[in-house]
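Read in order, the letters of the sequence shown correspond to residues 1 to 184 in the working numbering. Right, one structure below, let's go through it.
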Amino acid sequence: MSEEIKSQIEDQDEVPAAEAAEAPQEEVPKESRAERKKAAHLEEKLQKLEAEAARQEERYKRVLAEYDNFRKRTQKERETTYQDAQMAAIAGFLPVLDNLERGAAQEDADEGVRLIYKQFQEILGKFQVEPCGAEGEPFDPNFHNAVMHEEGEGSGETVIAQVLQKGYTMKGRLIRAAMVKTTD
């Protein structure tokens with residue numbers, strides 16, 4: 001019996017050893033599958049987060065570009081609004097300047113009128129207001145308003161024959177077009 005008992009004990013010892021050897025082998029694949037499943041889930045979640053981060057970065061860049069464009073546009077509008085206001089104010093004084101010019105051009109004009117006319121021109125010069133449209137200058141419909149035309153020698157180029165009313169520009173922008181008589 002002792003041999004029989006011994007063999008049973010050995011069989012019992014072998015079974016737990018075999019089960020112990022098999023159990024980790026069975027659990028390892030289960031853990032591997034679970035870990036792979038979890039890793040795949042995490043990978044999928046990571047890809048979604050990366051895609052969302054890329055979308056957010058793109059959105060951020062667009063908002064930043066829109067803001068930059070807005071800032072530039074408002075700065076330009078502010079500058080042009082200020083210049084437009086200056087030009088409108090100066091345009092209101094141009095008829096006075098025309099009358100001062102006519103008065104100063106008279107032979108019997110008072111010296112005070114001439115000084116006021118000169119001072120007025122100096123002030124306009126500080127604002128970079130310049131007359132446009134002089135006799136002999138090529139006709140430019142952007143700066144000149146032709147109210148009369150006479151046939152000339154036929155040189156092919158239309159030029160200003162006479163200035164009826166001076167035009168003025170400020171920093172290259174037209175305040176008032178010159179009224180002119182043209183000739184070919």
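Every residue gets a Cβ at the ideal spot worked out from N, C-alpha and C, and that includes glycine.
Please confirm whether Glu-107 has its beta-carbon closer than 8 Å to some beta-carbon of chain D. The structure shown has no chain D; it contains just one protein chain.
Does the stretch 141-151 come close enough to the stretch 165-179 to have 3 or more Cβ pairs within less than 8 Å? yes
For Glu-130, does the three-state DSSP call read helix, strand or coil? The sequence position of residue 130 within the sequence shown is 130, counting from 1. In the structure shown, Glu-130 sits in a strand (DSSP, three-state: E or B).
Would Glu-135 and Ala-105 be called neighbours here (beta carbons separated by less than 8 Å)? As a working note, residue 135 is residue 135 in the sequence shown. As a working note, residue 105 is residue 105 in the sequence shown. Result no, Cβ atoms of Glu-135 and Ala-105 do not sit closer than 8 Å.
Helix, strand or coil, according to DSSP, for Gln-162 in the structure here? Reading the sequence shown from its first residue, position 162 is the one you call residue 162. Note: Gln-162 maps to strand in three-state DSSP.
Give the straight-line distance between the Cα atoms of Thr-158 and Leu-64, rounded to the nearest whole angstrom. Reading the sequence shown from its first residue, position 158 is the one you call residue 158. Reading the sequence shown from its first residue, position 64 is the one you call residue 64. About 51 Å.
Is the beta carbon of Val-129 closer than 8 Å to that of Tyr-168? Within the sequence shown, residue 168 is the residue found at index 168, counting from 1. Within the sequence shown, residue 129 is the residue found at index 129, counting from 1. Yes. Within cutoff.
Does the beta-carbon distance from Phe-120 to Leu-97 come in below 8 Å? Here residue 120 corresponds to residue number 120 of the sequence shown, with the count starting at 1. Here residue 97 corresponds to residue number 97 of the sequence shown, with the count starting at 1. Closer than 8 Å, so yes.
Straight-line CA distance for Glu-57 to Met-87? Reading the sequence shown from its first residue, position 57 is the one you call residue 57. Reading the sequence shown from its first residue, position 87 is the one you call residue 87. If I take the Cα positions, the gap works out to 45 Å.
Going by Cα to Cα distance, which pick from Gln-165, Phe-127, Glu-151 is closest to Asp-84? For the purposes of this step, residue 84 is identified with residue 84 of the sequence shown, where counting begins at 1. That would be Phe-127, whose Cα lies nearest to the Cα of Asp-84.
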